[in-house]
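Some notes on the structure that comes next.
Number of protein chains: 4
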Amino acid sequence: MATRLGPNQYGKAETHLVRVYRDGDVHSLRDLTVSVALAGDLDEVHLSGDNTNVLPTDTQKNTVYAFAREAPIGAPEAFALRLARHFVTGPIRRARVEVCEVPWARIAVDGDPHPHAFMQASHEQRTAVAVSEAGVDWVLSGLANLVVLKSTGSEFSGFERDRYTTLAETHDRVLATAVAARWRHVRIDGDWDESYAEARRALIEAFASTHSLSLQQTLHAMGTAVLDVRPEVVEVRLSLPNKHHFVVDLSPFGLSNENEVFHADDRPYGLIEGSVEREGAPPAGPAWDPYPLL
Amino acid sequence: MATRLGPNQYGKAETHLVRVYRDGDVHSLRDLTVSVALAGDLDEVHLSGDNTNVLPTDTQKNTVYAFAREAPIGAPEAFALRLARHFVTGPIRRARVEVCEVPWARIAVDGDPHPHAFMQASHEQRTAVAVSEAGVDWVLSGLANLVVLKSTGSEFSGFERDRYTTLAETHDRVLATAVAARWRHVRIDGDWDESYAEARRALIEAFASTHSLSLQQTLHAMGTAVLDVRPEVVEVRLSLPNKHHFVVDLSPFGLSNENEVFHADDRPYGLIEGSVEREGAPPAGPAWDPYPLL
Amino acid sequence: MATRLGPNQYGKAETHLVRVYRDGDVHSLRDLTVSVALAGDLDEVHLSGDNTNVLPTDTQKNTVYAFAREAPIGAPEAFALRLARHFVTGPIRRARVEVCEVPWARIAVDGDPHPHAFMQASHEQRTAVAVSEAGVDWVLSGLANLVVLKSTGSEFSGFERDRYTTLAETHDRVLATAVAARWRHVRIDGDWDESYAEARRALIEAFASTHSLSLQQTLHAMGTAVLDVRPEVVEVRLSLPNKHHFVVDLSPFGLSNENEVFHADDRPYGLIEGSVEREGAPPAGPAWDPYPLL
Amino acid sequence: MATRLGPNQYGKAETHLVRVYRDGDVHSLRDLTVSVALAGDLDEVHLSGDNTNVLPTDTQKNTVYAFAREAPIGAPEAFALRLARHFVTGPIRRARVEVCEVPWARIAVDGDPHPHAFMQASHEQRTAVAVSEAGVDWVLSGLANLVVLKSTGSEFSGFERDRYTTLAETHDRVLATAVAARWRHVRIDGDWDESYAEARRALIEAFASTHSLSLQQTLHAMGTAVLDVRPEVVEVRLSLPNKHHFVVDLSPFGLSNENEVFHADDRPYGLIEGSVEREGAPPAGPAWDPYPLL
């Protein structure tokens, strides 16, 4: 039987790095989880177990920690990019590095920021992906766990009906989601932090401001808003679980419920996914290749 | 063989309630998960399956939703207490109601707060427990998932050593934990929100301000700080996982690492638990009885 | 303000130990997660940060690993007991050690058991707790994540109704739960593995065989069944989430649904907890003290 | 600014269906979680919120339940395929349906299988994906959460070294992973259950039997083994986290540790992913398109 090796990649996942910077008595803090995936001339390790071309995942972990010491980490995008470029050498032809950062805020004591005490500000994550291959780099920025809700200003009506449809139309519903988004940059020489802050703001404001006729429409508005404000962004992908809030029937208890009391359900949930691209955007190459593969 | 029924309780756990208040166009939002546990004259249901004394857990869920409509929810403590008192009737002699609230913040658009769009501010939880029995009420306030870290100002030395001890003493380490705390009130007629805000502030500031010789010492300082500022609180219990941050050995790479680069480990972790009580505090009764039982 | 230190304990949680035994070419495997909690003369560490009486949690972790090498692990109960007794010395007056074991089975190749390849047989956990204090030992056996379901033979009717009750009575429903159970031994010199196997079998068979009028009744039957078959067991505690399976209304599609198609819901869930004790059982002492404390 | 809608899909995720079949007094049980994703002519819903072409995700959920009643579920692959084909109609051009089944076993009482009491046999999952588009179907079978371990017969040496490499070579290590695998069928008219059972057996036996020089080599052997025994399978993809088991240094305690006592670590972990394809396999079309999109 003739077989061939198909798509493959390997690396160290979820190296959890905490970096403390000491500027005299005043410290600052970074908290990043880094996942590396490498591809290249790896046929032999699969076919015969010859590890000649395999840089150990343990080494990849060491590299993450060493890089965090050798130079300032900078923006997650910059750190991911620096690592990705480093790993592309010899038989390794492509490196994907994903960074996930959680924010910490300085604790205030008697109204003054403490020099070395911090609290985790949120479980929202800032993410970055850099892919390097053949001297070309792709960079995605992103966020996850951004949980948002509109208590009105959302409808769902005029939809397709078939024999299994029982859903009533509504012109006023709660719309809630946990935003996962990534966006692709066409340039890698800008101010990552400013770009991120503005893109994030655009996403959030578009969610809030769009009178929603469907979550797809909101998704499209959110993606378009990022493209509107950030010329260096050429493509936005969003994954929006529709976190259903069901109006509880209180009529058996003689109570009205005009969209006031909701059961927030866990499963099943709608999952609305989509993307908006700028016309004329350069090709995405391997930027969106799935990680993990399955 | 002679056996007897031992401790028992039953109820509906984790009813997830979202309540929208509409003040004209300006909405506000509450997000509470409510767990009920009832005890009383429940021998027959265990022994023979006679459900005469069993108020269905489905009814308890309905009650949570109805109560959220019939009157303002108020503070989590007040809502828990109102529910607990309601359930104690007839054969039900004791009710425990736990409320877990997650905070939402108003989204700002162009700098102005949006009237009906919100984002989840944090995954920190505000908790409340009310236990009612025989006309007496106990109330606990609390919080969970408050993740804090000090990048210096923490030592650990002078400890007991035995033949299995390899740990080096340190006079400068990272101290990080996810605070879970509950505190017991001696009065139930105060301003729950003010009390909560001040107790939380005392916990956080004590964590930040205490030069830590051990996490136990920090725990005690945190509990004492709450008792210092809130006379209505008579007991504070804390559970503090010691989230280990290990200094990475970078010497093989010719790099120093003076508490700058850390590996944040997941497991195992230290678990430091303790409590501080005010002298002369009234008995806690069933307030701290475990829930769940196992 | 006068305060006093209340209940406290500390230790290393969730040390994940895998032990390989090599009997020539044939290996066997144990997979245990161990949590230690110590209490005693620990006032000074809380009050002043004096660690003289504190055996580091790092040492506790080392001890778990070393004990696994110095002698056969034996039953989880025996390993917990050996560790608990070891830690009670000097200022440490009480030790609680919890062991959680997951089972592995030998992989079969061409029908023959492989000498050194294994698969995780289940996510059911066997648990053991040993508490030692002042020369006295308490031992609990237990299990968790035992997910069981009856597709009929379960009713719920004749229950209390109030103004918030809408639930219909039923004489045929699905009953499903994830059993968490612990049981207390009066002797510590028996065959732990045989005792465990028989107690587990009694729990499962009682769940299956009891025509259930309520989950409380099933719980009681399960606990009693253990006491019936194992004289060394004097108390059984069970925590049984009622994992609701709702009959889906298929009538809009012209379909009947006589308990055939169910929606398995996640939350909320009923939580039924209770215990059965043997008359004349010796006191439980600290055996059931909560861990963690909160 | 000119933009265009990019890749998009929507559907109901994680509908949890439990199906009871009653053959007289003897019941059988199926437990499936179904996720649907639809794509097609959905520009308008994104651009203007016109829902004309949108079949509600609520309807998709209803369909899953109704289909489970209208005809026997059959193999997960068959159920996924039946649903996928159903959804492709009018503006919906492509449907992806994923089914995840967990196995239940009959409880034995006094050695006899009980007619209607069951226990969850494992947390291993059998998965199936069907994608239908333009009258063509693709079917993937798979599994997840298959946790396996070899206590010897695994080496890692001869690897690339750079300045960040500190890992020692080893000729005897523990190799452990949680297998996630999917494999693509070239025919859809076979016996799904037999095919699944044999493919699963091939994966497990190959893991056990391969003397491993690297996890990549084991991965390749596992994929090849499936292709060897199942001619209807043309491609196998595997995602294998390297669950590190570190030998604990017991020398400070005067103990040797010849691969006997291990610390099973959680994070970071290696992630080894790859695929094996049969030469001449027909194109995969949309079969491997990522779900979720991000």
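Heads up: the protein sequence lines correspond to chains A, B, C and D, in order. Using this note's numbering, you'd call the opening residue of the first sequence number 3 and step up by one each time. Using this note's numbering, you'd call the opening residue of the second sequence number 3 and step up by one each time. Using this note's numbering, you'd call the opening residue of the third sequence number 3 and step up by one each time. Using this note's numbering, you'd call the opening residue of the fourth sequence number 3 and step up by one each time. We treat Cβ as the ideally placed atom computed from N, Cα and C, and that holds for glycine.
Query, Result
"Unbroken stretches of the alpha helix (DSSP H), 4 residues or longer, contained in the segment 64–140 of chain A", "78–89"
"Residues that DSSP places opposite D/Q11 in a beta bridge", "A/E275"
"Chain E within 7 Å of B/V56, Cβ atoms only", "Annotation note: the requested chain E is absent from the structure, which comprises protein chains A, B, C and D."
"CA-to-CA distance, D/H48 to A/E219, given in whole angstroms", "In the sequence under discussion, the amino acid at residue 219 of chain A is Gln, which differs from the Glu named in the question. Going by the C-alpha atoms only, they are around 4 Å apart."
"Coarse secondary structure for B/E162, derived from DSSP in three states", "coil"
"Boundaries (first-last residue) of the beta strand (DSSP E) holding B/L217", "Counting along the chain, B/L217 falls outside any beta strand (DSSP E), though it belongs to the alpha helix (DSSP H) covering 217–231."
"Cα-Cα separation, A/A223 to A/W140", "24 Å"
"Cβ of A/P254 within 7 Å of any chain C Cβ", "yes"
"A/V250: first and last residue of the uninterrupted beta strand (DSSP E) it sits in", "Careful: A/V250 lies outside any beta strand (DSSP E) and carries neither H nor E."
"Beta carbon proximity, B/Q127 to chain C, threshold 7 Å", "no"
"Contact list for B/Y166 against chain D, beta-carbon separation under 7 Å", "F255"
"Three-state class that DSSP yields for C/A201 in the structure shown", "helix"
"Where the beta strand (DSSP E) through B/V28 begins and ends", "28–42"
"Chain C contact for B/N259 (CB, 7 Å cutoff)", "no"
"Residues near B/S124 by beta carbon distance below 7 Å, same chain, minus five either side", "P105"
"Proximity winner among B/R24, B/N64, B/T5, B/E72, relative to A/H265 (alpha-carbon distances)", "B/N64"
"Three-way DSSP call (helix, strand, coil) for A/W194 in this model", "helix"
"Distance CB(A/R189)-CB(A/E234) smaller than 7 Å", "yes"
"CB contact check: C/D268 to chain A, cutoff 7 Å", "yes"
"Distance, C/G287 Cα to C/A183 Cα", "18 Å"
"For C/V235: DSSP bridge partner residues", "C/H187"
"Members of the segment 141–161 of chain D that neighbour chain C once the beta carbon cut-off is set at 8 Å", "L148, V149, V150, L151, K152, S153, T154, G155"
"Distance CB(A/G51)-CB(D/S216) smaller than 7 Å", "yes"
"Pick from A/G256, A/R128, A/R165 that is closest to A/W194, judged by C-alpha positions", "A/R128"
"Identity of the residue in D/H187, D/A39, D/G155 nearest D/V228 by Cα", "D/H187"
"Pick from D/A41, D/S30, D/R269 that is closest to D/L295, judged by C-alpha positions", "D/A41"
"C-alpha gap between C/V149 and C/A178, whole angstroms", "7 Å"
"Residue closest to D/V263, alpha-carbon to alpha-carbon, out of C/T35, C/P243, C/G276", "C/T35"
"C-beta neighbour in chain B for C/T65, strict 7 Å", "yes"
"Coil, strand or helix - D/L49 by DSSP", "helix"
"Continuous beta strand (DSSP E) stretch holding B/R21: start and end", "17–25"
"Helix, strand or coil at D/A289 according to DSSP, with G and I counted as helix", "coil"
"Reduced DSSP category for C/T179 - H, G, I as helix; E, B as strand; rest coil", "strand"
"From D/F161, D/Y67, D/G8, D/E260, residue whose alpha carbon lies closest to that of D/D33", "D/Y67"
"Sheet register partners of B/A146 (DSSP bridge)", "B/Q127"
"Residues, ordered as in the chain, of the segment 277–292 of chain B that lie near chain A by beta-carbon distance below 9 Å", "none"
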